[in-house]
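Asks: Dropping a structure here in structure tokens format, bear with me for questions.
Numbering (my numbering), first residue to last: 3 to 376.
Laid out in structure tokens, this is it:
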């Protein structure tokens with residue numbers, strides 16, 4: 003059975019709406035981070051796995067296991083036409099974002115941009131190089147960063163506003179992540195202003211209260227936790243870009259015999275933010291909750307392993323219990339990554355605080371979160 007792969011050209015950066023059919027013999031135009039099945043068999047099938055400008059054929063064996071040793075890579079160098087097309091598409095996207103009727107439509111558009119960023123390094127570069135005039139801002143990057151300057155006010159649309167801020171933060175993180183060797187985003191983003199707005203919006207999100215069912219309240223709490231996690235991810239991405247820029251500047255200054263100047267790090271901008279006190283309290287609470295969940299998951303898993311060793315005679319029943327436990331108790335990779343990011347951000351904040359000769363972070367936590375510390 004031969005199945006044509008799918009084509010996702012980001013004419014509107016929407017992989018679902020603009021999916022089109024390709025001929026089975028031509029795959030060079032396939033460029034999307036999702037897999038596309040091209041042939042099937044009783045126990046295995048092949049798919050295309052795409053990253054950046056690399057196309058790879060990856061056979062999958064039974065039960066979804068990938069045969070990585072059989073991966074066939076086919077490099078597809080980027081073309082000038084693709085870059086010009088992306089530039090035009092980004093301009094159209096900016097206009098659609100401005101013309102959006104409400105925040106929900108803006109959220110969907112921004113999420114499209116985030117999804118497209120994971121499959122195109124060129125799009126990330128153009129994101130910061132774009133100079134489209136959008137409501138007084140030069141470029142889509144500055145326009146999205148400015149969205150974080152608008153306060154979250156408790157009201158009917160408070161939850162939607164939190165969701166919009168979350169989408170913007172995730173987009174900025176996707177665009178900045180691992181881009182220090184490709185382009186400089188620091189010329190577009192004011193780190194001092196961005197860090198202050200990040201902390202202020204994260205703290206304000208907890209002032210929004212649910213006014214409906216328990217399910218709605220739970221959804222709001224998940225949004226609040228996700229926003230704190232996304233802010234930690236963006237701070238780490240910005241910190242990596244800042245460190246690389248500092249290294250290049252240091253090398254250039256030494257080469258020309260100039261006086262070496264140290265710039266203000268991202269975490270130092272965070273420490274100087276007026277919203278640090280309130281944000282740090284919420285951030286540390288979120289971190290402690292994540293740590294407690296991890297501890298419970300590890301303890302339950304250890305108990306399960308111990309019980310398995312003494313009940314080998316009921317192997318089939320144990321397998322069923324394992325599946326149920328894995329789904330309900332074990333931490334997902336996303337949760338583990340979020341926990342690592344939060345711990346790393348806290349560590350960097352403490353180190354920056356020590357560098358400045360202050361105990362602002364630890365002092366604030368002892369004052370506001372002594373209950374969680376104990």
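Quick reminder that beta carbons are idealized off the backbone N, C-alpha and C, glycines included.
(1) Give the DSSP-derived three-state secondary structure of residue 140 in the structure shown.
(2) Tell me which residues share the same chain as residue 129 and place their Cβ nearer than 6 Å to its Cβ, disregarding the 5 neighbours each side in the sequence.
(3) For residue 326, which of helix, strand or coil comes out of DSSP?
(4) If residue 282 and residue 240 are in contact, beta carbons under 8 Å, what's the gap, nearest whole angstrom?
(5) Indicate the three-state DSSP secondary structure (helix, strand or coil) for residue 242 in the structure shown.
(6) Could you please give the first and the last residue of the uninterrupted alpha helix (DSSP H) stretch that includes residue 130?
(7) If I follow the unbroken alpha helix (DSSP H) through residue 369, where does it start and stop?
(8) So, does the region 339-347 touch the region 225-236, judging by three or more C-beta pairs under 8 Å?
(9) Do you know offhand how far residue 211's Cα is from residue 148's?
(10) CB-CB under 6 Å to residue 358, same chain, minus the five flanking residues each way: which ones, in chain order?
(11) Just the C-alpha distance for residue 278 and residue 307, rounded to the nearest angstrom, thanks.
(12) Identify which residue in 107, 220 and 272 has its Cα closest to the Cα of residue 236.
(13) Sorted by chain position, which residues of the same chain lie with C-beta nearer than 8 Å to residue 85's C-beta, five sequence neighbours on each side aside?
(14) Have a look at 302, 136 and 154 and flag the residue whose alpha-carbon is nearest the alpha-carbon of residue 377.
(15) DSSP puts residue 135 in a beta bridge; with which residues?
(16) When burial is assigned at 16 or more other CB atoms within 10 Å of the CB, is residue 285 buried or exposed?
(17) Check whether the Cβ atoms of residue 102 and residue 134 sit closer than 8 Å, and answer yes or no.
(18) Does DSSP put residue 179 in a helix, a strand or coil?
(19) Run through DSSP, which three-state label would residue 356 get?
(20) Taking residue 374 as the reference, give the member of 181, 291 and 202 with the closest Cα.
(21) Short of 8 Å in beta carbon distance, which residues of its chain neighbour residue 1, apart from the five on each side in sequence? Order them along the chain.
(22) On the CB-based measure, 16 or more other CB atoms within 10 Å of its CB, does residue 154 come out buried or exposed?
(23) How big is the Cα-Cα spacing for residue 3 and residue 118?
(24) So, at 6 Å on beta carbons, what are the nonlocal neighbours of residue 297 in its own chain, with the 5 sequence-adjacent residues on each side left out?
(25) For a quick check, are the C-beta atoms of residue 150 and residue 199 less than 8 Å apart?
(26) Nearest-angstrom Cα distance between residue 365 and residue 87?
(27) Roughly how many whole angstroms lie between the Cα atoms of residue 219 and residue 334?
(28) Nearest by alpha-carbon distance to residue 175: which of 162, 161, 197 and 163 is it?
Replies: According to the structure shown:
(1) To locate residue 140, count along the chain shown from 1; it is residue 138. Residue 140: strand per DSSP, three-state reduction.
(2) Working through the chain shown from its first residue, we reach residue 129 at position 127. Once the five neighbours on either side are set aside, the close Cβ partners of residue 129 are 143 and 177.
(3) Taking the first residue of the chain shown as 1, we reach residue 326 at position 324. Here the model assigns residue 326 a pLDDT of 44, short of 50, so the residue's position is not dependable and the matter cannot be decided.
(4) Here residue 282 refers to the residue found at position 280 of the chain shown. Here residue 240 refers to the residue found at position 238 of the chain shown. About 18 Å separates the two Cβ atoms, so there is no contact after all.
(5) On the chain shown, position 240 is the one that residue 242 refers to. Here residue 242 sits in helix by DSSP.
(6) Residue 130 sits at position 128 when you count from the first residue of the chain shown. 123-131 is the span of the alpha helix (DSSP H), which, as asked, contains residue 130.
(7) As a working mapping, residue 369 is identified with position 367 in the chain shown. Unbroken alpha helix (DSSP H) run through residue 369: 362-370.
(8) yes
(9) Reading the chain shown from its first residue, position 209 is the one you call residue 211. Reading the chain shown from its first residue, position 146 is the one you call residue 148. Distance between the alpha carbons of residue 211 and residue 148 is about 25 Å.
(10) Here residue 358 refers to the residue found at position 356 of the chain shown. Nothing meets the Cβ criterion.
(11) By one-based count along the chain shown, residue 278 stands at place 276. By one-based count along the chain shown, residue 307 stands at place 305. Distance between the alpha carbons of residue 278 and residue 307 is about 43 Å.
(12) Here residue 236 corresponds to residue number 234 of the chain shown, with the count starting at 1. Comparing Cα-Cα distances from residue 236 to each of 107, 220 and 272, the minimum goes to 272.
(13) Here residue 85 refers to the residue found at position 83 when the chain shown is read from its first residue. Around residue 85: 124 and 128.
(14) This structure cannot settle anything about residue 377, because the visible part of the chain is limited to 3 through 376.
(15) By one-based count along the chain shown, residue 135 stands at place 133. Looking at the DSSP assignment, residue 135 forms a beta bridge with 140.
(16) Here the question's residue 285 lines up with position 283 in the chain shown. By the neighbour-count rule (16 or more Cβ atoms within 10 Å), residue 285 is buried.
(17) Locating residue 102 in the chain shown gives position 100, counting from the first residue. Locating residue 134 in the chain shown gives position 132, counting from the first residue. No. Outside cutoff.
(18) In the chain shown, residue 179 corresponds to position 177, counting from 1. Residue 179 falls in the coil class under three-state DSSP.
(19) Taking the first residue of the chain shown as position 1, residue 356 is located at position 354. If DSSP states are grouped into helix, strand and coil, residue 356 belongs with the helices.
(20) Here residue 374 corresponds to residue number 372 of the chain shown, with the count starting at 1. That would be 291, whose Cα lies nearest to the Cα of residue 374.
(21) Residue 1 is absent from the structure shown; the chain starts at 3 and stops at 376.
(22) Mapped onto the chain shown, residue 154 falls at position 152. Classification of residue 154: buried, given that the 10 Å Cβ count is 16 or more.
(23) As a working mapping, residue 3 is identified with position 1 in the chain shown. As a working mapping, residue 118 is identified with position 116 in the chain shown. In this prediction, residue 3 has a pLDDT of 35, which is less than 50 and means its spatial position is unreliable; nothing more can be read from the coordinates.
(24) Within the chain shown, residue 297 is the residue found at index 295, counting from 1. Cβ neighbours of residue 297 beyond the five flanking positions: none.
(25) Taking the first residue of the chain shown as position 1, residue 150 is located at position 148. Taking the first residue of the chain shown as position 1, residue 199 is located at position 197. Cβ atoms of residue 150 and residue 199: closer than 8 Å.
(26) Within the chain shown, residue 365 is the residue found at index 363, counting from 1. Within the chain shown, residue 87 is the residue found at index 85, counting from 1. Taking the straight line from one Cα to the other gives about 52 Å.
(27) Within the chain shown, the letter at position 217 stands for residue 219. Within the chain shown, the letter at position 332 stands for residue 334. If you take the alpha carbons of residue 219 and residue 334, they lie about 23 Å apart.
(28) The residue labelled residue 175 in the question sits at position 173 within the chain shown. The candidate whose alpha carbon is nearest that of residue 175 is 197.
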